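The structure appears right after this line, and notes come after that.
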Amino acid sequence: MSAQGNGAFLEYHEPDIVSILTLISFFFFLAVSEWVADKVLRAGLIGQIIVGLIYGVPIGNILALDWQETFLALGYIGLIIIIFEGGLTIRLDLLWQNLFLSTSAALLGVLTPIALTFALFYAGFGYAPLEAFIVGTALCSTSLGTTFVVINSASSKHDFAQTRVGTVLISAAILDDVCGLVLVSVISQLRDIENANLGWVIGRPILASGLMAILTPLAAKFVLGPMFRLPAIETRFFPKFGHVANMVLMVLVLCAFLAIAAYAGASVLFGAFLAGTVVSSLPSKQHVHFDEPSDTSDHDDDAKQERPTFGATFERYIQDAQRFMLQPCFFASIGFSIPFIELWTGEVIWKGIVFTILMVLGKLVVGLVIPLWDLVANKKPGSSEKAPLTPSAKQNWVPAAFLGTAMVARGEIGLLIIQIGLNETPYLSRKAFVIAVWAIVLNTVIGPVSVGTLLNRFGSAVAEDGRWGIQAMNPGGKVNRKPEVVSKGTGTVAP
Numbered sequence: 010m011s012a013q014g015n016g017a018f019l020e021y022h023e024p025d026i027v028s029i030l031t032l033i034s035f036f037f038f039l040a041v042s043e044w045v046a047d048k049v050l051r052a053g054l055i056g057q058i059i060v061g062l063i064y065g066v067p068i069g070n071i072l073a074l075d076w077q078e079t080f081l082a083l084g085y086i087g088l089i090i091i092i093f094e095g096g097l098t099i100r101l102d103l104l105w106q107n108l109f110l111s112t113s114a115a116l117l118g119v120l121t122p123i124a125l126t127f128a129l130f131y132a133g134f135g136y137a138p139l140e141a142f143i144v145g146t147a148l149c150s151t152s153l154g155t156t157f158v159v160i161n162s163a164s165s166k167h168d169f170a171q172t173r174v175g176t177v178l179i180s181a182a183i184l185d186d187v188c189g190l191v192l193v194s195v196i197s198q199l200r201d202i203e204n205a206n207l208g209w210v211i212g213r214p215i216l217a218s219g220l221m222a223i224l225t226p227l228a229a230k231f232v233l234g235p236m237f238r239l240p241a242i243e244t245r246f247f248p249k250f251g252h253v254a255n256m257v258l259m260v261l262v263l264c265a266f267l268a269i270a271a272y273a274g275a276s277v278l279f280g281a282f283l284a285g286t287v288v289s290s291l292p293s294k295q296h297v298h299f300d301e302p303s304d305t306s307d308h309d310d311d312a313k314q315e316r317p318t319f320g321a322t323f324e325r326y327i328q329d330a331q332r333f334m335l336q337p338c339f340f341a342s343i344g345f346s347i348p349f350i351e352l353w354t355g356e357v358i359w360k361g362i363v364f365t366i367l368m369v370l371g372k373l374v375v376g377l378v379i380p381l382w383d384l385v386a387n388k389k390p391g392s393s394e395k396a397p398l399t400p401s402a403k404q405n406w407v408p409a410a411f412l413g414t415a416m417v418a419r420g421e422i423g424l425l426i427i428q429i430g431l432n433e434t435p436y437l438s439r440k441a442f443v444i445a446v447w448a449i450v451l452n453t454v455i456g457p458v459s460v461g462t463l464l465n466r467f468g469s470a471v472a473e474d475g476r477w478g479i480q481a482m483n484p485g486g487k488v489n490r491k492p493e494v495v496s497k498g499t500g501t502v503a504p
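The opening position of the sequence shown corresponds to residue 10 in the working numbering, with each subsequent residue numbered one higher.
This is the structure:
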């Protein structure tokens, strides 16, 4: 299917029947594979990655190359929206209260895989130090898109993004992405290491990310918040235009943060998350105004004016497009990027499996921060976080396992970094690249499957855990560590 322009407009041609049927089958199998994989593996995204493998360059190359590039771009927009939704729905109070814990988890999740990679690749397999560094950098990342999708689709009863351990998980994954961006910048400069200003290369993304993280909450609290509360805006404009006003604001904020992050040298995914948190911090309580009583049956449509929440607007106008179109394209695009044929040689297979096991362990250790944190809290005199001395409180292995397994998937970030190392530097050999891809792919499968299985069996234990589950808010703004039930999709605590 092709179209040619004559200089003034694009000529319209009816798509040929083969292209039409191919596209229909592609989206049909994306939907079916998600359903099958969710029933069998408790991780629907695995099925969509497999469809991407079959329809993409790695196996069948059924889709035209320009279509694959289009779906990759659409999928990346889907990834941005997934992360924006994560920022929109995250509990900001838990985010700030657990920032030190999240930072510790993120550092452990970055340093351990790099150390294990050096031990295996440099000391075990005999690869050069720079090769081990590039591979370790790719495997220290955490797939943000996979993390958000897994915790959002794990259960229909509980919203795990509202739990304390879920907040720690999201924060640690975001920080992993920032660290990965810094290391990617270093890797991209390795091709000209003699002329590169490594101080600026390393410092720019750190400085940009740090300034955005510091200035964003300040701007939200002291600039955007007061502007939003002006009577003309909060009580007149937004109630009058409702969802339209919310959509315009969300799109403007998201695009602004994406542009700022990209031009400043930070990650656009980090910018998308911050944009979601900014919108989430703005007041969005519903304001309902009733007119005179009416005898007409459509009184509810004509006689009241609602101020919908940002979450309600997202759910009504964006969530379905993300869920059924953009998100499947994102996971299919991961399948497009896997060099499937090259994975199947004897040496690559056994080295890839050994490396995969080490990389799974390198992220599972992140879960250790939970029992260690509980241990310190119990021994600290006068600690307000002291865990109740009950058997259920001591059995914190379930939240720890949830945190560790949810960090395992590398996904799009790992594939991006390893391909930069292969295509933009002369230091990474093809065999080391394929071994790393083995670990990235298997970790992206093992992580979601493990999380889905764990939450399917112990999801209620995680959500209702007194210290690491869903935390209620007291009127004073402090977290009440009594386990409550949160309605999924709303983030509100049920009495």
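Beta carbons are placed, not taken as given, at the ideal position from N, Cα and C, and that holds for glycine. Quantities reported herein were computed from a predicted structural model and do not represent experimental measurements.
query, result
"Sequence-distant residues of the same chain with beta carbon closer than 6 Å to Gly430, five excluded per side", "Ile143, Ile196 and Leu437"
"Cβ shell of Val495 (< 6 Å), same chain only, five flanking positions each side left out", "With a pLDDT of only 43 at Val495, under 50, the local geometry of the prediction cannot be trusted, and the value read off the model is given with reservation. Excluding positions up to five away in sequence, the list reads Asp168, Gln171, Ile479 and Val502."
"For Gln480, three-class secondary structure by DSSP", "strand"
"In DSSP terms, what Thr172 is bridged to", "Ile479"
"Nearest-angstrom beta carbon gap, Gly420 and Val375 [assumed within contact, 8 Å]", "With a Cβ gap of about 16 Å, Val375 and Gly420 do not count as contacting."
"Enclosing alpha helix (DSSP H) for Cys338 [first to last residue]", "Gln336 to Phe345"
"Straight-line Cα distance separating Val66 from Ile33", "18 Å"
"Sequence-distant residues of its chain with Cβ nearer than 7 Å to Ala284 (five each side left out)", "Phe93, Gly96, Val262, Leu263 and Phe266"
"Helix, strand or coil at Pro457 [DSSP, three-state]", "helix"
"At least three beta-carbon pairs within less than 8 Å, the segment 321–340 to the segment 49–63", "yes"
"Cα-Cα separation between His308 and Phe282, rounded to whole angstroms", "Low per-residue confidence applies at His308: pLDDT is 42, beneath 50, and the placement is therefore not dependable, though the value from the model is reported in the following sentence. C-alpha separation (whole angstroms): 39 Å."
"Coarse secondary structure for Val66, derived from DSSP in three states", "coil"
"Cβ neighbour criterion (16 or more within 10 Å) applied to Val443", "buried"
"Host alpha helix (DSSP H) of Tyr85 (start-end)", "Leu74 to Thr98"
"For His167, the three-state DSSP class (helix, strand or coil)", "coil"
"Whole-number beta carbon distance between Val417 and Val369, since they are thought to touch under 8 Å", "6 Å"
"Ser152 in three-state terms, based on DSSP", "coil"
"Three-state class that DSSP yields for Arg332 in the structure shown", "helix"
"Asn387, enclosing alpha helix (DSSP H) - first and last residue", "Val378 to Lys388"
"Beta-carbon proximity check, Arg476 vs Asp329, cutoff 8 Å", "no"
"Residue environment, Ala271, which counts as buried when at least 16 other CB atoms sit within 10 Å", "exposed"
"Candidates Val363, Ala410, Arg238 and Met334, of which the one nearest Gly133 by Cα", "Val363"
"Alpha-carbon to alpha-carbon, Gly84 and Phe333", "11 Å"
"Residue burial classification, Phe231 (beta-carbon count within 10 angstroms, cutoff 16)", "exposed"
"Cβ contact check for the segment 123–137 and the segment 102–111: 3 or more pairs under 8 Å", "no"
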